[in-house]
Each structure stands twice: as structure tokens, then as C-alpha cells.
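Data block below; observations after.
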Amino acid sequence: MLRSLYLALKNLFSKPQTIDYPLTPIPKDKEYRGLIEYSEEDCIYCLKCEKACPPGAILFAPTPNPSENEKNKKGLEYNYNPYLCIYCGECVRACPKPEEALWQSNKKQEVALKEQEVNEKWFALEKKHQAFYQAKRESKS
Ligand code: SF4
Ligand code: SF4
Numbered sequence: 281m282l283r284s285l286y287l288a289l290k291n292l293f294s295k296p297q298t299i300d301y302p303l304t305p306i307p308k309d310k311e312y313r314g315l316i317e318y319s320e321e322d323c324i325y326c327l328k329c330e331k332a333c334p335p336g337a338i339l340f341a342p343t344p345n346p347s348e349n350e351k352n353k354k355g356l357e358y359n360y361n362p363y364l365c366i367y368c369g370e371c372v373r374a375c376p377k378p379e380e381a382l383w384q385s386n387k388k389q390e391v392a393l394k395e396q397e398v399n400e401k402w403f404a405l406e407k408k409h410q411a412f413y414q415a416k417r418e419s420k421s
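Taken in order, the sequence shown gives residues 281 to 421; the numbers are from the numbering used here.
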């Protein structure tokens, strides 16, 4: 009985174990594996990150009418879907230029709003990507 009373009083005057989310942001662990970041200048367009990504969250999609500069980059443009990403870090492990061309930050992705049509835009990009490689295969055969 006395012990229960003691615990009740102790809990009443101690700091709460929970945080006032979303008013107080959740503290991040130093080792937190967050968003993938990319540097176009350092990328050599080997596409190893795209191939290594389990859910297909990285896509190098063709850019229409690439400029001379972009042709040097195989006319491809890096795209990353943070909502598909499982934050495994496989892309960075596969990259020949980790921490330069590709790295994993400890940043968090904002929650997407319905109006942002994240999936629709990504599906359109995937279609473009598939069509591009299909045309490439057909031109070789
Ligand atoms: S962290 Fe994993 S899921 Fe995210 S882009 Fe890299 S390989 Fe893909
Ligand atoms: S693996 Fe690295 S260098 Fe290769 S395409 Fe991806 S980001 Fe660029």
C-alpha cells in the first residue's frame, strides 16, 4: 500500500516518458539512416545504385532532347522516391563513389500530401524508363 502510494507520488512529480509530438520533434539517433542524397557532378552514371535498389526507388529516366552536356551523362536523369525507399543503404554500398556521388543522410522525409500525387508521378516515370530500355533492346536485336 505504502509502496503504491510512493510510486504514484513519484510518477506525479517526475518528467513524462513521452514527448509532446508533433509539437516537439522526435529526437534523431546519430546513426539514423535517412534520405539518400545525390550529387550530379560526381556521378559517373554507372547505374549500379539503380540495379542494387531492392524496391526500385532509384530510376535514371531518359531526359527528352538532352543537351550536349546531358548526352555526356547518357541523357539520363536521376530520380529518387523517398516514399518507396526502405533506407537499406544498398545503393550507397554499390556506388563506386560513395559519400561523393551518393550518400545516406540522417534527414527524414516529410509526410506526403494527397495532392502531391507521389505515386502517379512515379508510375509515369517507371513507364518512361521501361519504354526507354525496351526500345534500346529492340534496336539491338
Ligand atoms: S536506401 Fe535502399 S531502398 Fe533506398 S534508394 Fe538506396 S537501395 Fe533503394
Ligand atoms: S552508383 Fe553512384 S556513380 Fe553510379 S550512377 Fe549511382 S550515384 Fe552515380
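All residues carry an ideal CB built from backbone N, CA and C; glycine is no exception.
Check whether the Cβ of residue i lies closer than 7 Å to any heavy atom of ligand 1, and answer yes or no.
| i | result |
| --- | --- |
| Tyr318 | no |
| Cys375 | no |
| Cys323 | no |
| Gly314 | no |
| Glu370 | yes |
| Tyr363 | no |
| Ala392 | no |
| Tyr338 | The sequence as given places Ile at residue 338; Tyr does not occur at that position. Within the cutoff, so yes. |
| Ile462 | This structure cannot settle anything about residue 462, because the visible part of the chain is limited to 281 through 421. |
| Ala332 | yes |
| Pro378 | no |
| Pro335 | yes |
Quick check: does the Cβ of residue i come within less than 7 Å of any heavy atom belonging to ligand 2?
| i | result |
| --- | --- |
| Leu382 | yes |
| Leu327 | yes |
| Ala341 | no |
Would you report the Cα separation of residue i and residue j, rounded to the nearest angstrom?
| i | j | result |
| --- | --- | --- |
| Gln414 | Lys354 | 16 Å |
| Leu327 | Pro362 | 18 Å |
| Lys416 | Cys323 | 22 Å |
| Lys331 | Ala374 | 9 Å |
| Ser298 | Ser319 | The identity of residue 298 in the sequence shown is Thr, whereas the question assumes Ser. So the alpha carbons of these two residues sit roughly 38 Å apart. |
| Ser294 | Leu282 | 18 Å |
| Ile366 | Thr343 | 26 Å |
| Asn359 | Tyr286 | 58 Å |
| Glu370 | Pro296 | 38 Å |
With 16 as the cutoff for other CB atoms within 10 Å, does residue i come out buried or exposed?
| i | result |
| --- | --- |
| Ile338 | buried |
| Phe340 | buried |
| Ile316 | buried |
| Leu382 | buried |
| Gln410 | exposed |
Residue i lies in the alpha helix (DSSP H); which residues open and close that run?
| i | result |
| --- | --- |
| Tyr286 | Leu282 to Phe293 |
| Ala332 | Lys328 to Ala332 |
Would you mind reading off the limits of the beta strand (DSSP E) that contains residue i?
| i | result |
| --- | --- |
| Tyr325 | No beta strand (DSSP E) holds Tyr325; DSSP gives it neither H nor E. |
| Tyr318 | Ile316 to Tyr318 |
Going residue by residue through the stretch 356-408, where are the continuous beta strand (DSSP E) segments of at least 3 residues, counting only ones entirely within it?
356-360 and 382-384
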